[in-house]
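Have a look at the structure below, then the notes.
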Amino acid sequence: MSNMYSNKWYDDKAVEAKFLLGGIGTGNFSVGIRGQLCDWELWEDEAVGRRIPYTFFALRTEQEDGSVKVKVMESKKKPPYERSHGFDPWDNLGIPRFEHSRMCGEVSQVVVELTDSAMPVDVTMTGFTPFIPLNEDDSGIPAAILRYRVHNKTGQTVKTSVVGSLANVVGFAGYKRFADPKIEGEAWNEQRQEEGYQGIYMSNHFAEDDLRFGSMSLVTTSKEHVTVKPEWLIGGWWDGAHDFWAEFEETGQMHPGSSEPESTSAIAEAREWKIGSLCADFELKAGEEKEIEFVISWYFPNRRAYWPGHMFPKPEKEKTVRHYYSTLFSDAWDVSEKLLKKLPLLEKQSEQFRKALYETTIPAEMLDAMAANLTVLRSHTCFRLEDGSFLGWEGCFDDAGCCEGNCTHVWNYQQALAFLFPNLERNMRWNNFLLETDEEGRMYYRGNRIFGFDYYDAIPPAADGQTGTIVQLYRDWKLSGDDEFLKQMWPKASLALDYAFTCWDTDGDFVFDGEQHNTYDIEFYGMTSMTNSVFYAALKAAEEMAAYLNDEAHEKKYREARLKGSERMDRMLYNGEYYIQKNDQKGKYQYYDGCLSDQVFGQELAHICGLGYILPQEHVKSAVYSVYKYNFREKMGEHINVQRCYAMDDESGLILCTWPHSKKPRIPFVYSDEVWTGIEYQVAAHLIYEGYFEEALKIVSAVRSRYDGVRRNPWNEVECGNHYVRSMASWGLLIAASGYGFDLTKGKVSFAPKISQDHFSCFFSTGKHWGVYRQTIDPETNQLESRIEVLYGDQNDLELQQ
């Protein structure tokens, strides 16, 4: 087992690899394995595969013998090439490219190296978006930094030019018949120059409340000789592209206007796209390298004031609401200006986080899983409204959000948001309890009231989701130490937990046995440890919160229910190896005596929150090991699955349920044969808590080997959609492996590492701080020495509990 992380590189065979750039709730675009800019999702809608015309960066070199080479700074596209009309001209695939590329992406930064034996230079592109735990505003900037470092590998001087081009797609309205982008309104570009930077501002003539309203900008901070073409030639066919490439190849510069005559072809359709280009030209001496920095920023402040999904009814009259980032910036130029002013600090803090995270002494596969899934927070899965509300889909279709409403039974699993951006996580509790819990205590697990609509009651309340939010409340309170937050939430939180007694416990024995809607999109009936374990974790959490608030009645009620209920459930459902389901009402979509991967999910949640065991320790230990023993497959090739397929053939994975001692029901519960990364991660974290570290690592390694860049995108673990929320359960691996404990009501944190105790370090975070914990054995005294180094926040109000 290797505990030291080294940069993970993907070569250009990893054609699925795409790293997303953009802030939390801002929209984004991606950088692909070739260095191409792709998946332009600057607006409110998901848009995997969206391309915009003539948006690229290119290079010109001129050697001492006068030989000139021009190439797009991307590597060559891999087959297949089959297309009915060939590739679109505005993809520039007819322009030479570099031979090879490789990519490395880590949290907030992506690096693409381009090499070519026929070129006198190599190029390294670095893309960066600020990502700073506890600072959601500076982690929510609608922009990306792109730097191109050019290295002269020859023994002579090379004249070099780097050009960036960006299409003005303000007013984008889809594609025409021949795949040409349709731009509505009257787009316009404007050259601007400020102290320390210059560029092109792009906008359109729309009213400020129009969904199409917005702006873009392309900026460079280069101190080299910079020339600008604010707008390409407007002509028929591909006149503008011919004019651009001719000027760039001939001069290595850009200038306004063109000497070319207007189009006279009878059938030429004028392409009135507004393309702008910035060019820096300079000399590179033998062995020298220089870096040219660009900023792409955008500002599309409006979105529809409802969930444009597939579950909630569409309102009769559409309204708009503004994105949160519109309260921080006035337009795209303002975004670039403010970003550049703060850039040194933003880079420093982002790099401190990246370095602290990757110094963590756990296997590289676990760090990879944790870091890769942070991309979910910067994807279209998550968004923020102008009042600061944080909202999330479960995931996204390629062209829209999927499964709306801050779904409680899916967000139940993720841990990353809570530990990195706790203000946003606590806002979700406000939504759960103060908006979506009615006066009877029923929590509507898909929230629609944030937009002023009624409760969404088409589906029964989710037993796992509703009780899980109680555990989340406890976690969020302990992470923040915010008593006022707890006091504000407690009346509705206790009401929501009290509702569980009457809704799902039909006979008053403190064991759920009624109709239990859950994360598998069906209802379990009878007794099941999956929902009951979450219930007992919630009772334990609520018992402690009630005691803290001097709510003696609830404290007593919850303690009695937990002790009696957990003992009864354990006695009724534990079969000597694992927990089963007991249901006298035989029917479809149940698992009966199957081995469910989520069977003690509530215990994992309890461990993360430091609540201790809610079921007998040895039974829990046996149950979670049985999940690994029976449900993990080294190869999926012999597994029969008629449901959705996320792992296949020679791939490894953890199946949601198996029947090791009986025949599988003819029609089992929905999704039972599938493999979900979020479940794999929660089981792996739980295995760590129970002492099965190697087994946990095997599961995590299986996930990350499936997302290898060749088969699937390493930064997009899917389930019911792209960038699926449940995948952020991977952050629980860090909490488990470090044995992290937190209680900010007392200002204390603690650690009990499960590996490398003699020399261990890890990233940690609270609601007020983040930094690094270190422990070593003093070679002279043989005593354990430990300390915390706070990199963000005030170290004076945080104590390390030994």
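Take the sequence shown: its letter number 749 is residue 965 in this note's numbering, and every next letter is one higher. Ideal Cβ placement from N, Cα and C applies to all residues, glycine included. Remember, it's a predicted structure, so these values are computed and weren't measured experimentally.
Same chain, Cβ closer than 8 angstroms to residue i, neighbours up to 5 away in sequence not counted
i    : result
P969 : T577, A953, S954, G955, F976, C978 and Q991
P676 : E731, H733 and E739
S218 : Unreliable placement is indicated for S218, whose pLDDT of 45 sits below 50; the coordinate value is still reported in the next sentence. Correct list, in chain order: P579 and A580.
Y690 : A757, A758, E760, M761, C825 and L827
N929 : E232, A233, K234 and Y923
G282 : none
D353 : L544
Counterpart residues of residue i in DSSP-defined beta bridges
i    : result
I951 : DSSP, once it has assigned bridges, lists no residue as partnering I951.
C618 : G611
Q797 : T744
W986 : S981 and Y1008
S291 : F314
L253 : V247
F303 : Beta-bridge pairing links F303 to no other residue.
F273 : G380
Within-7 angstroms CB hit, residue i to chain B
i    : result
Q469 : Of the protein chains in the structure, only one exists, and it is not chain B.
Close-in-space but distant-in-sequence residues of the same chain around residue i (CB under 7 angstroms, 5 per side omitted)
i    : result
L236 : N244, S246, T591, R594, S595 and W931
P537 : Note on identity: in this sequence residue 537 is Val, with Pro being the wrong assignment. Once the five neighbours on either side are set aside, the close Cβ partners of V537 are R519, A521, L601 and E602.
Y790 : H835
V551 : I357, P358, A359, S513, Y515 and F545
L711 : T653 and G657
Where the alpha helix (DSSP H) through residue i begins and ends
i    : result
E760 : S745 to Y764
G456 : D455 to T467
M644 : P638 to R645
W706 : D699 to C719
G818 : F817 to I824
E771 : E768 to L789
H625 : T624 to W627
Neighbourhood of residue i by C-beta, 6 angstroms cutoff - its chain only, sequence neighbours within 5 removed
i    : result
V916 : E581, M582, A585 and A900
G810 : C873 and W875
K439 : none
P312 : K287
K292 : R313
K984 : G1009
S888 : L872 and C873
S493 : V379, S381, K445 and M470
Boundaries of the beta strand (DSSP E) in which residue i is found, first to last residue
i     : result
W693  : That residue, W693, is in no beta strand (DSSP E); its alpha helix (DSSP H) goes A679 to S696.
I915  : Looking at the DSSP string, I915 is not in any beta strand (DSSP E); the run it does join, the alpha helix (DSSP H), is F909 to R922.
V444  : H441 to K445
K506  : E505 to Y515
D497  : I491 to L500
T331  : Q325 to T331
S966  : K964 to S966
N648  : No beta strand (DSSP E) contains N648, which DSSP labels as neither H nor E.
E406  : W404 to E410
I268  : Per DSSP, I268 belongs to no beta strand (DSSP E) and is neither H nor E.
T536  : T536 to R538
K804  : Looking at the DSSP string, K804 is not in any beta strand (DSSP E), and its letter there is neither H nor E.
L237  : K234 to L237
I1107 : Given that the chain is displayed from residue 217 to residue 1018, the structure contains no residue 1107 and the question cannot be resolved.
S813  : Taken as a continuous stretch (DSSP letters only), S813 belongs to no beta strand (DSSP E), as it is neither H nor E.
G957  : G957 to D959
Residue i: CB within 6 angstroms of a non-hydrogen atom of the ligand ATP
i    : result
K234 : No copy of the ligand ATP occurs in the structure displayed, which carries no ligand at all.
(message) My parser needs the alpha helix (DSSP H) runs of 4 or more residues fully inside the stretch 841-905; what are they?
(response) 893-905
* **alpha helix (DSSP H) runs contained entirely in the stretch 558-599, provided each spans 4 or more residues** => 580-588
Would you check if the stretch 443-450 and the stretch 518-530 touch, i.e. whether three or more CB-CB distances between them fall below 8 angstroms?
no
- Query: Is there contact here, the stretch 313-330 with the stretch 499-507, by at least three beta-carbon pairs under 8 angstroms?
  - Reply: no
* Asked: Would the stretch 897-914 and the stretch 750-765 be scored as touching if the rule is three or more Cβ pairs under 8 angstroms?
  -> no
- Task: Take every Cβ of the stretch 363-380, pair it with every Cβ of the stretch 332-344, and state whether three or more of those distances are shorter than 8 angstroms.
- Result: yes
Three or more C-beta pairs under 8 angstroms: does that hold for the stretch 644-651 against the stretch 704-711? yes
Stretch pair the stretch 291-304 + the stretch 374-393: three plus CB contacts closer than 8 angstroms: no
Runs of beta strand (DSSP E) lying entirely within the stretch 342-398, each at least 3 residues, in chain order: 359-368, 374-383 and 388-391
>> For the structure I just gave you, are there three or more beta carbon pairs, one from the stretch 425-440 and one from the stretch 568-576, closer than 8 angstroms?
In response: no
- Is the stretch 604-612 close to the stretch 931-945, with three or more CB pairs under 8 angstroms? yes
Should the stretch 662-669 be called in touch with the stretch 784-802, which here means at least 3 C-beta pairs below 8 angstroms? no
### Segment contact flag, the stretch 836-847 with the stretch 811-818, C-beta cutoff 8 angstroms, min 3 pairs
yes
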